[in-house]
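Reading through the structure tokens given below for one structure.
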Ligand SMILES: [Zn+2]
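Protein chains in written order, with UniProt numbering: chain A, 1 to 805; chain B, 1 to 348.
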């Protein structure tokens with residue numbers, strides 16, 4: 001809300017700097033968006049009196065004016081406004097001045113005629129289109145007759161005020177009014193409020209009830225509904241002081257009736273609506289839900305189709321206003337209006353919010369209905385508005401208020417003890433301290449021993465329970481004054497659990513191996529969501545109302561997100577991309593709307609893992625490099641159990657000949673391999689290798705708690721074997737056989753050479769292994785090794801028909 | 001000429017030859033020639049048998065001195081020659097040490113992960129446990145149990161991705177408040193937990209909005225937890241992330257699940273409070289929201305608000321990262337440009 005500092009000063013004796021007040025408000029009441037003066041950035045704008053005008057000889061729309069700017073001689077200014085005339089005070093931007101949009105005004109010639117400055121419209125001195133009065137839309141602004149030529153224009157237009165733009169939290173609806181601000185500032189600065197409520201003088205003996213009736217059957221939708229009638233008014237422009245108050249509050253002045261309703265809205269936070277009494281189709285007023293499909297033309301000349309959840313004010317059952325949101329065009333106040341029906345009501349906050357939201361009609365009024373209304377101020381606001389309209393438009397207020405419904409003002413009493421206050425806030429306040437705070441808030445309080453019984457006024461409808469009182473005490477006492485401590489009773493131990501530790505160390509391992517951590521979007525397209533699944537889990541979960549086609553379904557794999565990242569990089573000529581991601585995948589569960597969330601870890605490498613330098617020609621990534629990363633990752637997890645890499649040519653998005661499933665104790669927990677060239681093409685990425693592991697079974701798996709083996713003191717002996725073997729026999733098969741048949745002293749089998757091609761017969765490949773033997777407890781004798789080695793060779797020949805080379 | 005003079009002559013002659021030797025071969029020649037069995041010194045010593053028994057030991061001693069002196073001179077010269085040779089070789093081996101070193105494989109944690117880890121470590125050090133919840137949540141835990149009934153206006157503030165009317169992508173990490181409250185055994189001490197994770201809002205992605213971002217939630221509930229404890233905790237968090245010299249300001253705010261609610265600001269680290277574009281000339285930067293847990297939240301989770309109470313706080317690692325590093329587009333965090341990812345060196 002735009003709060004005028006000058007308006008506050010009418011009711012409070014404050015002399016702090018507005019910026020200090022704003023800081024105090026921020027620390028005690030509501031957040032501050034901005035503190036500014038309407039004159040910020042403007043200079044050398046003075047009152048000018050137009051002494052004479054004559055048409056420009058070379059233009060049909062320009063006027064040459066002689067203007068008194070308080071100097072001995074008049075200055076000549078060329079003006080293009082249609083409403084320029086002699087004998088009026090205008091806004092003059094002198095040469096060297098700055099006007100709106102930071103434009104600098106210079107002495108210039110306009111079509112050959114000297115112009116020493118510019119005569120300005122309000123929009124030209126920083127007023128937004130939204131608040132500039134419509135009557136002056138196309139022309140210059142005319143200042144009051146008593147303005148003194150040469151003086152600054154700022155005081156005449158309220159531009160010397162300072163506006164504190166507050167950002168109000170949903171609970172502090174009371175701060176949407178000058179009244180609420182005055183009360184809160186009075187409390188935290190401990191000031192006396194001179195807030196003034198104007199009494200109404202019913203200067204017509206005619207009874208309002210004879211002119212109009214109001215009946216609200218459904219009091220849930222309009223708990224309070226009241227009407228007054230002001231007769232024989234004359235619509236006119238509002239006095240300048242009122243216009244200033246409105247435009248400084250960000251509201252456009254319109255006429256003396258509508259302006260009064262807006263003034264009351266700002267002052268009390270009570271929205272009012274004025275109807276042209278004579279245009280009401282009936283004088284039986286009611287409030288009801290709209291009918292589905294009911295049409296209604298609002299003030300802005302838009303036809304609105306209503307739904308049954310909307311609420312409308314009706315006259316003889318015909319809608320005349322969208323309750324709390326916007327009035328109707330037909331019954332709006334016009335220049336011809338002579339009799340006014342004034343409505344002050346409380347409408348259901350939720351229904352108003354929904355209606356305003358649905359029709360995109362958020363307004364000063366709807367915002368206030370949404371945030372709450374003080375039931376005790378409805379009549380106060382209605383009376384003051386009626387009185388002001390009568391005064392400003394020369395009307396007569398008829399006798400009595402017509403009431404369609406009336407909220408009972410419930411007395412809210414909350415108890416709290418001093419012990420409780422200090423226990424929760426960590427303070428050492430006394431009874432006197434607390435009483436003083438309640439007194440400043442004007443909360444009537446009774447105290448017995450250390451118990452306070454607080455009567456909360458209806459203007460603070462946000463205060464209902466003990467915790468609310470605690471907040472009031474804390475903020476008025478000042479958060480700055482609350483001590484800083486740490487929770488004392490800390491018998492518990494803080495630590496990461498086994499799962500969190502494993503996840504964290506997995507991340508560190510992959511970073512050490514050269515992969516950068518990526519965080520991709522969990523929401524993706526349904527197609528990508530279900531690619532690259534470790535185990536097929538069907539179709540992904542999808543959102544009811546997604547925001548964009550790219551983020552519709554929850555991912556069932558991490559790889560697709562990483563490939564999006566690769567594509568993003570490749571499109572920006574980053575050819576070497578090595579990423580990993582750790583995060584959730586979502587697997588739908590039958591008979592449950594919530595999917596299972598699995599912790600996965602995945603990686604991708606495209607181009608080179610280690611970038612090439614002048615000195616070091618590195619190789620492009622291949623299957624074995626990425627497999628090495630996965631092996632090292634798994635190695636570090638110290639899993640007790642067998643890990644196997646088994647060729648799988650069936651994974652749709654993967655290269656059929658370059659993909660291995662990763663099995664833990666014969667169960668698939670992940671895979672590694674090259675992305676299928678076709679899939680890569682759809683992602684617009686080059687040759688790329690990926691892996692993904694489901695961490696859930698890894699976390700659950702038994703771990704080698706004692707990972708250490710004593711280093712044998714006795715020497716080891718190694719034997720090499722080179723062989724030719726059928727190309728369809730895998731390394732794994734050979735290693736398995738060697739390990740099984742290698743004897744008790746075999747400690748290691750390492751492949752040290754692999755060759756396939758010329759010099760090797762067709763359909764065969766050459767493999768060479770180094771076998772290491774060691775006895776933990778004794779020095780091995782050559783004979784034993786030779787025996788074991790010969791046995792393995794014989795088995796290899798027998799099983800795989802190898803030829804020893 | 002006496003033997004003594006002869007020896008003296010040989011010594012001078014030998015030293016001269018040593019000095020003139022420029023390589024290992026010539027120095028070796030000198031050694032063989034002068035000190036060898038057929039060398040002049042040996043010859044001189046053979047002539048000693050003609051000397052008197054008085055002179056013999058004197059000349060013998062002198063001959064040994066000559067031999068020692070020559071040996072020392074030869075060794076010294078050899079070392080000189082050797083080290084000159086080595087130096088020459090090392091000189092030839094010299095390289096341009098300003099040429100770049102080889103690349104090695106080393107990845108980095110994501111900047112948001114770094115901030116989350118930093119916070120988690122801080123809280124674990126203060127005795128908190130870490131409890132990650134589901135990213136797909138029930139409306140009940142995401143809203144209702146947090147004192148946000150179906151028609152609550154605050155639900156408008158956070159547009160939600162619904163899956164069914166009861167299931168949604170969590171809009172905050174706060175559901176873990178209700179879930180941990182329900183299961184915590186208070187007989188074993190107070191509940192102290194942090195919950196980091198991804199959250200989702202139905203927003204259109206632009207420079208400052210992302211439909212996916214992160215939060216770290218904290219909750220402390222016990223018999224003697226005060227607002228002063230909250231203030232102290234928030235100060236530690238702010239100082240951990242942004243530095244000790246910054247001031248922390250609390251101001252009233254509103255969250256349905258806390259009362260009183262506060263927002264914590266820190267002195268703008270860019271302008272130190274003078275006002276700049278980062279802090280929108282206020283001198284303060286909003287870093288987190290917090291408050292004393294609302295009694296309704298405790299009640300709904302089956303915890304007696306008369307006996308137990310405490311505080312909760314929530315903060316946004318994405319926002320922190322943007323503030324701390326001056327990242328201007330939140331989408332940078334999720335597009336994973338390697339040039340972006342590799343900029344955030346871990347310090348310590
Ligand atoms: Zn700043």
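From the three backbone atoms N, C-alpha and C, an ideal C-beta is built for every residue, glycine too.
By the criterion of a C-beta distance shorter than 8 Å, residue 15 of chain B is surrounded in its chain by 69, 70, 73, once the five residues flanking it on both sides are discounted. In its chain, beyond the 5 residues on either side, 639, 641, 642, 643, 697, 698, 701 have a beta carbon closer than 8 Å to the beta carbon of residue 664 of chain A. Here residue 160 of chain B has 168, 171, 202 as same chain residues with Cβ atoms under 7 Å from its own Cβ, once five neighbours each way along the sequence are excluded.
When C-beta distances to chain A are compared with 9 Å, the residues of the stretch 73 to 104 of chain B below that value are 99, 100, 101, 102, 103, 104, in chain order.
In summary, residue 788 of chain A is buried, with 16 or more beta-carbon neighbours lying within 10 Å of its beta-carbon over all protein chains present. For residue 592 of chain A, the three-state secondary structure derived from DSSP is strand.
In the DSSP annotation of this structure, residue 250 of chain A is not part of any alpha helix (DSSP H), being labelled neither H nor E. With its beta carbon less than 9 Å from one in chain B, residue 516 of chain A belongs to the interface.
Listed in chain order, the alpha helix (DSSP H) elements of length 4 or more contained wholly in the stretch 459 to 494 of chain A are 466 to 477. Collapsing the DSSP output to three states places residue 286 of chain A in a strand. In the structure shown, residue 277 of chain B falls within a coil segment according to DSSP collapsed to helix, strand and coil.
Exclusion of the five residues before and after residue 750 of chain A leaves 770 as the residues of its chain whose Cβ lies within less than 6 Å of its Cβ. Around the beta carbon of residue 252 of chain B, a 10 Å sphere encloses 16 or more other beta carbons of the protein chains shown; the residue is thus reported as buried. Going by beta carbons, residue 215 of chain A and residue 294 of chain A fall outside the 9 Å limit.
Under the three-state reduction of DSSP output, residue 224 of chain B falls in the coil class, being neither helix nor strand.
Nearest C-alpha to residue 143 of chain A among A/48, A/104, A/127, A/235: A/48. Where residue 321 of chain A is concerned, the enclosing beta strand (DSSP E) starts and stops at 318 to 322. Residue contact with chain A for residue 253 of chain B: present (Cβ-Cβ distance below 9 Å to some residue of chain A). Distances between the C-beta of residue 275 of chain B and the heavy atoms of ligand 1 include at least one below 8 Å. For the stretch 329 to 341 of chain B, the residues whose beta carbon sits under 8 Å from a beta carbon of chain A are, in order, 333, 334, 335, 336, 337, 338, 339, 341. Put simply, the backbone Cα of residue 348 of chain A is about 20 Å away from that of residue 318 of chain A. Inclusion of residue 222 of chain A and residue 381 of chain A in the CB contact set at 9 Å is not warranted, their separation being larger than that value. By the rule that beta-carbons nearer than 9 Å mark a contact, residue 187 of chain B does not touch chain A. As for any beta strand (DSSP E) of minimum length 3 sitting wholly inside the stretch 128 to 211 of chain B, the runs are 136 to 138, 167 to 169, 191 to 200, ordered along the chain. Rounded to whole angstroms, the gap between the alpha carbons of residue 322 of chain B and residue 341 of chain B is 14 Å. Residue burial annotation: residue 453 of chain A is exposed, with fewer than 16 other C-beta atoms found within 10 angstroms of its C-beta. Rounded to the nearest angstrom, the Cβ distance from residue 556 of chain A to residue 211 of chain B is 19 Å, too far for a contact under 8 Å.
Taking 8 Å as the upper bound on Cβ-Cβ separation, chain B lies near residues 479, 480, 482, 483, 484, 485, 486, 487, 488, 489, 490, 491, 492, 493, 494, 495, 496, 497, 500 of the stretch 477 to 501 of chain A. Taking 9 Å as the cut-off, the beta carbon of residue 228 of chain B is found closer than this to the beta carbon of residue 482 of chain A.
Distance from residue 257 of chain B to residue 297 of chain B at the Cβ level is roughly 5 Å; contact confirmed, criterion being Cβ atoms closer than 8 Å. For residue 723 of chain A, no Cβ of chain B is located within less than 9 Å of the residue's own Cβ. The continuous beta strand (DSSP E) containing residue 63 of chain A extends over residues 63 to 68. For the stretch 613 to 630 of chain A, residues whose beta-carbon sits nearer than 8 Å to a beta-carbon of chain B comprise 613, 614, 615, 616, 618. For residue 767 of chain A, the enclosing beta strand (DSSP E) begins and ends at 764 to 773. At a cut-off of 9 Å, the C-beta of residue 138 of chain B has a neighbouring C-beta in chain A. Across the structure, residue 217 of chain A and residue 225 of chain A are spaced so that their CA atoms are roughly 11 Å apart.
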